[in-house]
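In our numbering, the protein residues as written are 3 to 447.
Built from N, CA and C at the ideal position, the CB exists for glycine as well.
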């Protein structure tokens, strides 16, 4: 029997994103590996792509095209769906955008997958195998989807979350381009509810891969790929303190800390001296941290009352003392933030030793609390141009959605430029210091 050909498209805007570090889509990789593990009598052939879409559809001739969507690239995702539909493919869309706004499923898509995709996509592939189609009269029996029946949107009952993440096979990295820097997920979800983040609503609760699973995945990466640096791309790697220590012990016992370097995400109110020590021992060379603001009121608005500016200062100091580089991100432009509050953030960056920092203007993504606020003010709508949500304010300032009630677009742009002039000068000085260190080291030899 001819295989069912499934082409997964990671919607990636090269024009906007090539300057960023491009990572493979592990979300799609998990779906492929789950299909392979559970295929049984199903004969399937899968590919994952993010460029040359039309030529790859023409050469591969897929039966099903699965498209991953994020809000800022939704315009591009819709064009991919239109192209696939014109070429006779069944189109399934998933990801955070469709999950947050399921009623916006485009007419070009046959089905939208809501929430986690592994089990739902497998059910849809089984349905296609049995019918060589996705018949509307049986789609209603598939949990966690949205589809159209005679033009009317039908949303089925929610699919329960996967309880034991260790039941998932490791993502299908054989279909991806894995370079020296890559990443793993060691958990799904976050225990916090920041105003700009959709993780809590998308994942509902935090679940963890076991330490054994995580370290086995690292071993596989080190064995099979030219990996030199691995980043734990969790929303919050240190959410479970005991598991951090267990991962550290396993990494050290297997000598993995001598083979690769690691990075991880932290939250400053959870960072203690013993966690910093464990991170250093396991080979963590840098941490990413949403420091967000140097102003107490702004920080509370963005992240809630569980974290303070002093937590942030202390965390930066602890990491620096341990030789762990701190990569901080900051957000300006929330509705009631003043110039004075923004200057508190400016001065925080200036006074604290950060290896790298980025400053973003608050953007209302679907599925986040700030989206709800923006919708009430009429700043966003179902008919909006989704490219307005692209995060590089310097390039997108004319289209960006301005949430501030205190600063105009021009004033916010001026403040943002002030931050980046300071950051660029810091980076210039840092590069000079690094070059001087190399020269002095060479002379010392």
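Q.
Rounded to whole angstroms, what is the Cα-Cα separation between residue 160 and residue 123?
A. 14 angstroms
Q.
Beta-carbon within less than 6 angstroms of residue 327's beta-carbon, same chain only, minus the 5 sequence neighbours each way: which residues are those?
A. Around residue 327: 288, 357.
Q | Start and end residues, beta strand (DSSP E) containing residue 291 | A | 286-294
Q | Straight-line Cα distance separating residue 254 from residue 177 | A | One Cα belongs to residue 177, the other to residue 254, and the distance between them is close to 29 angstroms.
Q) With burial defined as no fewer than 16 other Cβ atoms inside 10 Å of the residue's Cβ, what is the status of residue 1: buried or exposed? A) Residue 1 is absent from the structure shown; the chain starts at 3 and stops at 447.
Q) How big is the Cα-Cα spacing for residue 239 and residue 266? A) Straight-line Cα distance between these residues: approximately 6 angstroms.
Q) To which residues of the same chain is residue 23 closer than 8 angstroms at the C-beta, ignoring the five residues directly before and after it? A) Per-residue confidence for residue 23 stands at a pLDDT of 48, beneath the threshold of 50, marking its modelled position as unreliable; no derived number is given.
Q) Taking buried to mean at least 16 other C-beta atoms within 10 Å of its own C-beta, is residue 417 buried or exposed? A) buried
Q.
In the DSSP assignment, the alpha helix (DSSP H) including residue 203 goes from what residue to what residue?
A. Residue 203 -> alpha helix (DSSP H) spans 201-205.
(Q) Suppose you measure from the CA of residue 393 to the CA of residue 192; what does that come to, to the nearest Å? (A) 22 angstroms
Q: Would you mind giving the Cβ-Cβ distance between residue 408 and residue 347, rounded to the nearest angstrom? I have them listed as a contact below 8 angstroms.
A: Contact doesn't hold; Cβ gap of about 14 angstroms is too wide.
Q.
Suppose the cutoff is 6 angstroms on Cβ atoms and the five residues either side in sequence are ignored; what does the same chain contact list for residue 14 look like?
A. 52
Q | Sub-7 angstroms separation of residue 140 and residue 111 beta-carbons | A | no
**Q.** residue 152, DSSP secondary structure in three states
**A.** coil
Q: Check whether the Cβ atoms of residue 314 and residue 270 sit closer than 7 angstroms, and answer yes or no.
A: yes
(Q) residue 148 and residue 108 - do their beta-carbons sit closer together than 7 angstroms? (A) no
(Q) Rounded to the nearest angstrom, what separates residue 20 and residue 54 at their Cα positions? (A) Since pLDDT at residue 20 reaches only 41, below the 50 mark, its modelled position is unreliable, and no value is offered.
**Q.** Boundaries of the alpha helix (DSSP H) in which residue 319 is found, first to last residue
**A.** 311-323
Q. CA-CA distance, residue 100 and residue 292?
A. Answer to the nearest angstrom: the Cα atoms are 26 angstroms apart.
Q: For residue 9, write down the residues that DSSP places opposite it in a beta bridge.
A: 49, 67
Q.
Using C-beta distances below 6 angstroms, list every residue in its chain close to residue 2, excluding the 5 sequence neighbours before and after it, in chain order.
A. In the structure displayed, the chain extends from 3 to 447; residue 2 sits before or after that span and is not available.
Q: Could you spell out where the alpha helix (DSSP H) holding residue 60 opens and where it closes?
A: 55-62
Q) Among residues of its own chain, excluding the 5 on either side of residue 79, which ones have a beta-carbon nearer than 6 angstroms to its beta-carbon? A) 13, 69, 71
Q: Rounded to whole angstroms, what's the CA-CA distance from residue 4 to residue 259? Just pull it up for me.
A: 45 angstroms
Q: Tell me where the alpha helix (DSSP H) around residue 392 begins and ends.
A: Where residue 392 is concerned, there is no enclosing alpha helix (DSSP H), given that its DSSP letter is neither H nor E.
Q) Among the residues of its own chain, which have a CB less than 7 angstroms from the CB of residue 370, if the five just before and after it don't count? A) Excluding sequence positions up to five before and after residue 370, its CB lies within less than 7 angstroms of the CB of 197, 198, 199, 200, all in the same chain and listed in chain order.
Q | Top-ranked residue by Cα proximity to residue 194, from 388, 424, 427, 308 | A | 308
Q: Drop a sphere of 10 angstroms on the beta-carbon of residue 435, count the other beta-carbons inside from all chains shown, and report buried for 16 or more, exposed for fewer.
A: Residue 435 counts as exposed, since fewer than 16 other beta carbons sit within 10 angstroms of its beta carbon.
Q: Please state if the CB of residue 114 and the CB of residue 33 are separated by a distance shorter than 7 angstroms.
A: Contact annotation: residue 33 and residue 114 have beta-carbon atoms that are not nearer than 7 angstroms.
Q: Inspect the beta-carbon positions of residue 245 and residue 280 and report whether they are closer than 7 angstroms.
A: No.
Q | Own chain, CB closer than 8 angstroms to residue 203, minus 5 neighbours either side, in chain order | A | These residues qualify, in order along the chain: 102, 369, 370.
Q) Looking at the structure shown, is residue 189 part of a helix, part of a strand, or coil, going by DSSP? A) strand
Q) If you check the beta carbons only, do residue 77 and residue 388 fall under 7 angstroms apart? A) yes
**Q.** Contact belief for residue 224 with residue 250 at Cβ below 8 angstroms, rounded distance in angstroms
**A.** Not quite, the Cβ-Cβ distance comes to about 16 angstroms (not below 8 angstroms), so this is no contact.
Q: Give the straight-line distance between the Cα atoms of residue 35 and residue 142, rounded to the nearest whole angstrom.
A: 25 angstroms
Q) What is the C-beta distance between residue 256 and residue 217, in whole angstroms, given that I count them as a contact (C-beta under 8 angstroms)? A) Indeed, because the Cβ distance is near 7 angstroms, the residues count as touching under 8 angstroms.
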